[in-house]
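Q: Line order of the protein sequences matches chains A and B. Residue 140 in UniProt numbering is what sits at position 140 of the first sequence, and the numbering runs on without skipping anything. Residue 779 in UniProt numbering is what sits at position 779 of the second sequence, and the numbering runs on without skipping anything.
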Amino acid sequence: MNDQQTNNESDHTMSKSAKKRAKKQQQQKRASESNDEKNSPTKSDAENTEAVSTPEKVSDSVEPEKQDQVDQLVPLINKFDVNGKALKTIAGHGTVHLGEITPHNILQLKKLNEDVFPIAYNDKFYVEARYCGELGRLAYYNDVVVGAVCCRIDDISDEKSLYLMTLGTLAAYRQIGIGTILIDYALKLCNKMEEIKTMYLHVQVNNKNAVQFYEKHGFTNDGIIEDYYRISPRDAYLLIKRIRH
Amino acid sequence: MPTPPGQSSSQPLPAKELGYFKKIVKSYEQKQYKAGLKFAQKILTSPGFAEHGETLAMKGLILNCMGKLQEAQDCVRRGLVSDLRSYVCWHVFGLIQKTEKKYDEAIKAYKRALMLEKDNLQILRDLSLLQIHIRDYDGYLSSKYELLQLRQTQRVSWLGYIVAHHLLKEHNLALGIMAEYIKNNTPSGYDFEFSELILYQNLIMREAGLPDVALQKLEENSTHIVDKVAYMETRANLLMDLEQPKQAENVWRALIERNPDSLEYYDMLEKCMGIKDSPKAQLAMLDGLAEKFKRAAAPRRLALYLVEGEELRRRLHEWMIPMLRKGAPSLFASLVPLYKYPQKQAVIESLITEYVKKMDDEGYGNVSLDGKDQECEPPTTALWLYVLASHHFDRCGMTQLALNYIERAIQHTPTVVENYMLKARIYKHAGDYDEAARWMEEAQSLDTADRYINGKCGKYLLRAKRSDEANKMLAKFTREGENAASHLTDMQCMWYELESGRAFRSVNKYGEALRKAHHIDFHFNTWIEDQYDFHTYCLRKMTLCSYIRLLRMCDKLRDADYYYQGAKLAIKIYLRMIDRPDDMNEHSALIKEGMTDQEIKKMKKKLKKQKELQEEEEKKKKDKEQKEEGLQRGPQIDAEALLKTEDPLGEAAKFCHNIHTFGTQKVTGYALCAEVYRRKGKVLLALKCLNEGEDREPTHPLLHVQKVKFLAYWPKCELSGLVKETADELMKCVYGAERDAAELNEKFKIEHQHDFAHRLAYAEAQYSIDSSTNLISWILKSIEDSKVNGRSLKMMIKLKDGIEYGKYGKWSKDDMEKLRKQVHSLFPLSLDFGGGVQHKSASAAPTSAETN
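Written out as structure tokens, the structure reads:
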């Protein structure tokens, strides 16, 4: 149907607007200006103390997968504690695979984000996410959408950088390795795109689990950005990982 | 020596024109219709040949293929008139009659053509096809005989001749010819077609009542049969016919090994083990097989239906846990058969609540439902458990609990489409169609690439009487730039025709609703027409067993449920035309409700404008269709014309004919037919239907109403002779010695006083024999009487519709309000009784009982 057509068209407009947004991002830190620029990968309410953190053990089993395979099927067998220690075996044959974000399932992403993040993303975010291509992925656990990652490419002082807009897993599906699969996906993306030099993201300062999670995946805490969020606490950490020089 | 076309004795063409004529024939065969017409024009404009019969016939034939039916008819007729001695003209005349579906006329024309041109192969073939199509087996046999005489070397001639004998049940002749044919044509190696032939031979043998011969032949030829499953199934059945259950059992077991999830095999296995009546033995057999086939679901599932109590609980536990972990969509469906028994239902409920409690107590991150310490449930188990609980309570009619659980499921995993679908379904069952549609739209929005959910959404919108929005929704998957409704009609989409028809009925657009019902009838016709091509195809491809099955299926195609539902819709509207002619004005309901004159004027104006707009649109559509080379697709049925029928009862009877002739299992179908035939004064047919219904479910409430009505009518029948004898006979079958309608009804009341549907039937019957009856307070009391079973929302809506129809006497406004309040307290979400989810926004106008 004509989806194909619109797909291509919007793809162009998307990349243009992405550039525009990237420029805006360069002058950064006037972050309170528009709501959608503010991202927190995790929820801040009580439940989310366990956030997205996941151990590397599972990611080991991900590594041997072919790099370009979009739909990787990963069996998840263990349940972990916050520090990544295996606690129990998961009964059944649960598997995770990643799927594209498309105009057809975009509202599933929205439902997910509304549940995971304390802030609401505006329509623009979803309009662009519809055609984000490989910059976004949904994580399916036993064929159910339970997590997602969305990135965009920014220019920071003449360097291309992958900005992690959102990465999150539904509360009930944490600590089984889904966050790790998603961050691994983003890191692989960086490795594949040679122009990308760094990867970075913001985390609300009270979200210790998220910070711990990203540090475990090689990010370094680059300090506080004040008043990044409109919700309390308003400050964010900037986490950066250098991919290549 | 056959006469070549264009050389008929009466109008021979000279050389030049004859050349043109040959070119016409060639163009026709190559489908170059425009060129064909040009050559025809050349002959027709030459002096003396303006009315050349065969040229006119060919021209007509070409026009027919181009879709210009009327012009084609005229041309062919003119041709025939000018050259009655030409077989070409008669043949073409027959072909045209065939496209008009006038089969008898076509056969006559073919026969005339054959009289003029004996042994013309093409005409003989066309004739035989039509004969089998209308099931003229004798005619088919003789045509096939002629064809065989003319073409003895052709395989198809032999096969046709064999099939003809088979269909005439001349099994021995069929088998004799078959044996002769096989003797001369046995292939050496792999041959699919020969394999089919062997299986067909076997089919005839079985139908001839020769299972021993059949088995022997089957074994002899076993190496030739490539369809191993068919071979084994046939063998097993033959062994059973020959009463060798032990051997048959082995074959069924071998088949189960091939496919351990075929329910039919288990059924047959039980039969030949002789354990149909012994649940214990069945259970042992199933358990044995379950042990052997670890991954097979069928033996485990079938076992669930045989046990109860603790044993059921244990087995359900084993059955449900893996499915909950997997998220198997069929879990609830597999439990549905258990809901017939309240005790089994209770077992399910106790298991579900136990699981939920365990989840709540131990936290769904750690819990293991089968109590293994080292394991925990995958997170999806909780989700699917809540979904199952929601299904369960919805099934039990506990709407609030069902909603609570689906809410928990949504909270747990808000991204799952099925959650919202189930939520919609719960609201649908509770009678709030608006809220149901709302949630189904939500579900649809989450996955717009899924046609199933799109269709569901369309259906729910239709239930909410929002036809236009439904069409818009469905248009997402239909051809672009075309009305979804006409596309779905093109696609013969039956559920749509039915739901859309019911939606029109619910807003008093009876014409449109009738049109949809007629579409269903039209589709069935089309399917029966569609078999025409298979008469040649199957013989050529040798798939003869399937061909015979196809013929037999077509013979009772209208026995299908969709046909019944469509026919019911139509018949009830036709009856309404007679009973309540004012209803047919679609706006009558709008005007009645105490509006001021001004308002009525305003509304009429608005309606007029709407109608004009609609007509304009339709005109545009028609213009567009005409542009498409005047080809008319699909059924051309006009809603207005349907409403203007002179003989609604006759129209209804046409549908009835198709309901009862195929021996439907539906007792309600016979009841409906009895009503129509009684009104038509067709005593014997009415009695026959009552009798058939009596055989199936003698105490069915709808059948009872018809029995009372007919008994009240019986004394008025004036019959004589054979008709009277037969009627008396049938009366005895249906009523025994009972001849008093009122007594019959009273007896029924006492026998079934604890059933709501039966109480309503009693009331309806009572009002029909005595209009002064007053049962209003009795009915109202029944609604609240906890001793009365089956007080479902469905029945309440039937009651309300019945009151509006006038089946239950005259209800005052107060009575109606009482009814509304009572039902409302039972079913607070039902829109029909003033309930439903209240939305704060002003746009969602509350629906009250009055506006319905």
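Beta carbons are placed, not taken as given, at the ideal position from N, Cα and C, and that holds for glycine. Given the structure is predicted, the values throughout are model-derived calculations rather than measurements.
Which partner residues of B:V81 appear in the DSSP bridge assignment?
A: Locating residue 81 of chain B in the second sequence gives position 81, where the first residue counts as 1. B:V81 pairs with nothing; no bridge assigned.
Q: Tell me the DSSP secondary structure of A:L239 in three-state form.
A: Numbered from its first residue, the first sequence carries residue 239 of chain A at position 239. In this structure, A:L239 counts as strand in the three-state DSSP scheme.
Q: So, is B:K516 buried or exposed, given that buried needs 16 or more other C-beta atoms within 10 angstroms?
A: The residue labelled residue 516 of chain B in the question sits at position 516 within the second sequence. Buried, since its Cβ has 16 or more Cβ neighbours within 10 Å.
Q: Using only the alpha-carbon positions, how far apart do B:L690 and B:W495 sit?
A: Stepping through the second sequence from its first residue, residue 690 of chain B is reached at position 690. Stepping through the second sequence from its first residue, residue 495 of chain B is reached at position 495. Answer to the nearest angstrom: the Cα atoms are 29 Å apart.
Q: Apart from the five residues just before and just after B:A757, which ones in its own chain have a Cβ nearer than 7 Å to its Cβ?
A: Counting from 1 along the second sequence, the entry for residue 757 of chain B is found at position 757. For B:A757, where only same-chain residues beyond five positions count, the Cβ hits under 7 Å are P701, G790 and M795.
Q: With DSSP collapsed to three states, give me the class of A:A86.
A: Here residue 86 of chain A corresponds to residue number 86 of the first sequence, with the count starting at 1. Judged by DSSP in its simplified three-state form, A:A86 adopts strand.
Q: Is the Cβ of B:S27 closer than 7 Å to any Cβ of chain A?
A: The residue you call residue 27 of chain B lines up with position 27 of the second sequence. Output row for B:S27: interface = no.
Q: Straight-line CA distance for B:Y305 to B:K294?
A: Along the second sequence, one-based indexing puts residue 305 of chain B at 305. Along the second sequence, one-based indexing puts residue 294 of chain B at 294. Cα to Cα, the separation comes out at about 19 Å.
Q: Which same chain residues end up closer than 6 Å to A:E56 when comparing Cβ atoms and leaving out the 5 residues on each side of it in sequence?
A: For this step, residue 56 of chain A is matched to residue 56 along the first sequence. Reliability of the predicted coordinates at A:E56 is poor, the pLDDT of 30 falling under 50, and no value is obtained from them.
Q: What residue range is occupied by the uninterrupted beta strand (DSSP E) comprising A:S161?
A: As a working note, residue 161 of chain A is residue 161 in the first sequence. Note, A:S161: beta strand (DSSP E), E159 to T169.
Q: If contacts are defined as beta-carbon pairs under 8 Å, then B:L316 and B:V367 qualify, I think. What distance do you get, rounded to the angstrom?
A: Sequence index remark: in the second sequence, residue 316 of chain B carries index 316 (1-based). Sequence index remark: in the second sequence, residue 367 of chain B carries index 367 (1-based). Not confirmed; about 18 Å, so no contact.
Q: Among the candidates A:M193, A:R230, A:Y214 and A:V146, whose CA atom is the shortest distance from the CA of A:L239?
A: By one-based count along the first sequence, residue 239 of chain A stands at place 239. Ranking A:M193, A:R230, A:Y214 and A:V146 by Cα distance to A:L239 puts A:Y214 first.
Q: Would you kindly check if the distance between the Cβ of B:G431 and the Cβ of B:F827 is under 7 Å?
A: On the second sequence, position 827 is the one that residue 827 of chain B refers to. On the second sequence, position 431 is the one that residue 431 of chain B refers to. Yes, these two residues count as a Cβ contact at 7 Å.
Q: Could you compute how far the alpha carbon of A:I183 sits from the alpha carbon of A:K192?
A: Reading the first sequence from its first residue, position 183 is the one you call residue 183 of chain A. Reading the first sequence from its first residue, position 192 is the one you call residue 192 of chain A. If you take the alpha carbons of A:I183 and A:K192, they lie about 14 Å apart.
Q: Counting only Cβ pairs nearer than 7 Å, list the residues of chain B close to A:D115.
A: If you number the first sequence from 1, residue 115 of chain A lands on position 115. Those are P414, listed as they occur along chain B.
Q: Which of helix, strand or coil does DSSP assign to A:R230?
A: In the first sequence, residue 230 of chain A corresponds to position 230, counting from 1. Residue state, collapsed to three classes: coil.
Q: From the DSSP secondary-structure annotation, give me the bridge partner or partners of A:Y140.
A: One-based indexing of the first sequence puts residue 140 of chain A at position 140. Answer by DSSP bridge pairing, in chain order: A:H97 and A:V145.
Q: Given the structure, does B:N508 come close to the ligand SAM, in the sense that its CB is under 6 Å from one of the ligand's heavy atoms?
A: Of the ligands one can find in the structure shown there are none, so the ligand SAM has no counterpart to examine.
Q: Output yes if chain A places a C-beta closer than 7 Å to the C-beta of B:L446; else output no.
A: For the purposes of this step, residue 446 of chain B is taken as residue 446 along the second sequence, with counting starting at 1. Yes, B:L446 counts as interfacial toward chain A.
Q: Would you check if the distance between the CB atom of B:I453 and the CB atom of B:H392 is smaller than 7 Å?
A: Translated into the one-based positions of the second sequence, residue 453 of chain B becomes position 453. Translated into the one-based positions of the second sequence, residue 392 of chain B becomes position 392. No, the pair does not count as a contact, with Cβ atoms beyond the cut-off.
Q: Counting contacts by CB-CB distance shorter than 7 Å, is residue 246 of chain A in contact with chain B?
A: Given a span of 1 to 245 for chain A in the structure shown, any question on residue 246 of chain A remains unanswerable.
Q: For A:L109, which of A:K88, A:T169 and A:K188 has the nearest alpha-carbon?
A: Walking along the first sequence from the start, residue 109 of chain A turns up at place 109. The option with the nearest alpha carbon to A:L109 is A:T169.
Q: Just to confirm my understanding: we take B:G521, look at its own chain, exclude 5 residues before and 5 after, and list those with CB closer than 7 Å. What are they?
A: Along the second sequence, one-based indexing puts residue 521 of chain B at 521. It should be pointed out that residue 521 of chain B corresponds to Asp in this sequence rather than to Gly. Cβ within range, chain order: G566.
Q: Is A:R30 buried or exposed, if buried means 16 or more other CB atoms sit within 10 Å of its CB?
A: As a working mapping, residue 30 of chain A is identified with position 30 in the first sequence. In this prediction, A:R30 has a pLDDT of 38, which is less than 50 and means its spatial position is unreliable; nothing more can be read from the coordinates.
Q: List, in chain order, every chain A residue whose beta-carbon is nearer than 8 Å to that of B:K326.
A: As a position in the second sequence, residue 326 of chain B is number 326, starting the count at 1. Those are G92, H93 and N142, listed as they occur along chain A.
Q: B:Y364 versus chain A: which residues are under 9 Å apart at the beta carbon?
A: The residue you call residue 364 of chain B lines up with position 364 of the second sequence. Those within 9 Å of B:Y364 in chain A are A172.
Q: Figure out for me which residue from B:D740, B:A727, B:K716 and B:E718 has the closest Cα to the Cα of B:V708.
A: Walking along the second sequence from the start, residue 708 of chain B turns up at place 708. Ranking B:D740, B:A727, B:K716 and B:E718 by Cα distance to B:V708 puts B:D740 first.
Q: Below 8 Å, how does it come out for the region 277-295 of chain B and the region 233-247 of chain B: are there three or more Cβ pairs, yes or no?
A: no
Q: Expressed to the nearest angstrom, what Euclidean distance is found between the alpha-carbon atoms of B:Q32 and B:S46?
A: Here residue 32 of chain B is taken as the residue at index 32 of the second sequence, counted from 1. Here residue 46 of chain B is taken as the residue at index 46 of the second sequence, counted from 1. Taking the straight line joining both Cα atoms gives about 22 Å.
Q: Under the rule that 16 or more other beta-carbon atoms within 10 Å means buried, what is B:Q131, buried or exposed?
A: Within the second sequence, numbered from 1, the residue matching residue 131 of chain B stands at position 131. Buried is the call here.
Q: Name, please, each residue of chain A whose Cβ falls closer than 8 Å to the Cβ of B:A382.
A: Indexing the second sequence from 1 puts residue 382 of chain B at position 382. Correct list: A172.
Q: For the alpha helix (DSSP H) that contains B:M232, what are its first and last residues?
A: For the purposes of this step, residue 232 of chain B is identified with residue 232 of the second sequence, where counting begins at 1. Where B:M232 is concerned, the enclosing alpha helix (DSSP H) stretches over K228 to D241.
Q: Can you tell me where the alpha helix (DSSP H) with A:K216 in it begins and where it stops?
A: The count along the first sequence starts at 1 and reaches residue 216 of chain A at position 216. Here the alpha helix (DSSP H) through A:K216 covers K208 to K216.
Q: I believe B:V416 touches B:L383 by the beta-carbon criterion, under 8 Å. Please report the beta-carbon distance rounded to the nearest angstrom.
A: As a first step, residue 416 of chain B is located in the second sequence; it is residue number 416 there, counting from the start. As a first step, residue 383 of chain B is located in the second sequence; it is residue number 383 there, counting from the start. Cβ atoms of B:V416 and B:L383 come within 8 Å of each other, at about 7 Å.
Q: Taking 7 Å as the CB-CB limit, is A:L238 close to chain B?
A: Stepping through the first sequence from its first residue, residue 238 of chain A is reached at position 238. No, because no Cβ of chain B sits closer than 7 Å to the Cβ of A:L238.
Q: Once you ignore the five residues that flank B:H165 on each side, which residues in its own chain have a CB closer than 8 Å to its CB?
A: Here residue 165 of chain B is taken as the residue at index 165 of the second sequence, counted from 1. Sequence-distant Cβ neighbours of B:H165 in its own chain, meaning closer than 8 Å and more than five residues away, are L141, H171, L173, A174 and I177.
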